Amino acid sequence: MIDTVFTLPLPVFLLAAGITLVAGLVKGMVGFAMPMLIISGLSSFLSAEMALGMLIVPTLVSNGVQALRQGGAAAWASIRKFRLFLMVGLVCLLLSAQSYAFLSPRFLFLLIGLPIFVFAALQLAGWVLVIAPQHRRRAEWIIGGFAGFVGGVSGVWGPPTVSFLTALNTEKSEQMRVQGVIYGLGAVALLLAHVQSGVVNAVTLPLSVLMVVPAMVGMMIGLRFQGRMDAARFRRVTLIVLVVVSANLIRRAFVG
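Going by UniProt numbering, 102 is the number at position 102 of the sequence shown; the sequence numbering is gapless.
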């Protein structure tokens, strides 16, 4: 596996590891944004296919840790509670992953970034979106399907999921756990789908495994910060992260 490092120049590999560490730090603090930060950072100097392949294993491992921090029973309860969102998202992710090579990356960046930017900016400005109980199932169909679709082709399904959980006014610890469960199951599906698509291959898989180390170091540091935040500050930091990463996706849609 060490020989795999030399498929990239050492400075490039270290830069990729540094970006992954920062992505892990942010994930530890707010529970999401690792795939977006990794693919946004890595694809600025690597191919989009390699960037996507390298983020899959760190995403899978970090979400497993996040989902199980409060035990298997709590994770299972979250799966049952959000099973419709998970099932719809899974089907759409598996279907859309096969169309990866046929969709414009710029179109995808805009498709993900614009609605999330508007949502988060309005929330920060004081407008509160609340999904009423009678509309929850419809929201799970729509948002779960959208999250799965964009996740399959870009490796990024966090913002729609976080927007959904925020609109439900989910409690902080449950939101962190639910995000881990949803993203973890999505990461398993993403791995299987891109083994089939060829994105996960003899070059990207070993590099992705190596990226687990900086991802987990960053996440452990981020969890320390997250534990000190009250619910209001956690929500605000979450929305700020959504604004920043969605604005960057919009920027990439227009300037590459």
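Just so it is clear, CB atoms sit at the ideal spot from N, CA and C, and this is done for glycine as well. Values in this document were obtained by computation on a predicted structure and should not be read as measured data.
Checklist line | Whole-angstrom distance between A253 and L110, CA atom to CA atom | finding: 5 Å
Next item on the list: Report all residues from its chain with a CB closer than 8 Å to the CB of L90; omit the five preceding and five following residues, and keep chain order.
Entry: G148, L185, G186 and A189
Check: Considering only the beta carbon of each residue, do P58 and A231 sit closer than 9 Å?
Finding: Taking 9 Å as the Cβ cut-off, P58 and A231 do not qualify as a contacting pair.
Next item on the list: Pick out whichever of R137, S96 and R228 has its Cα sitting closest to the Cα of A193.
Entry: S96
Next item on the list: Under 8 Å by Cβ, that's how I've got V217 and L21 pegged, so tell me the actual separation to the nearest angstrom.
Entry: 6 Å
Check: Sorted by chain position, which residues of the same chain lie with C-beta nearer than 7 Å to G222's C-beta, five sequence neighbours on each side aside?
Finding: Sequence-distant Cβ neighbours of G222 in its own chain, meaning closer than 7 Å and more than five residues away, are G24, L25, V26, K27, G28 and M29.
Next item on the list: For W141, name the three-state secondary structure that DSSP assigns.
Entry: helix
Item checked: Burial state of A202, where buried means 16 or more other Cβ atoms lie within 10 Å -> The residue is exposed, with fewer than 16 neighbouring Cβ atoms inside 10 Å.
Next item on the list: Please work out which residues of its chain come closer than 8 Å, Cβ to Cβ, to L165, disregarding the five sequence neighbours upstream and downstream, and give them in chain order.
Entry: Excluding the 5 residues flanking it on each side, L165 has same chain C-beta neighbours closer than 8 Å at Q175, V178 and Q179, in chain order.
Next item on the list: Can you tell me the Cβ-Cβ gap for E140 and V88, rounded? I've got them flagged as a contact below 8 Å.
Entry: 7 Å
Notebook entry, point to check: Expressed to the nearest angstrom, what Euclidean distance is found between the alpha-carbon atoms of L68 and A74?
Noted result: 8 Å
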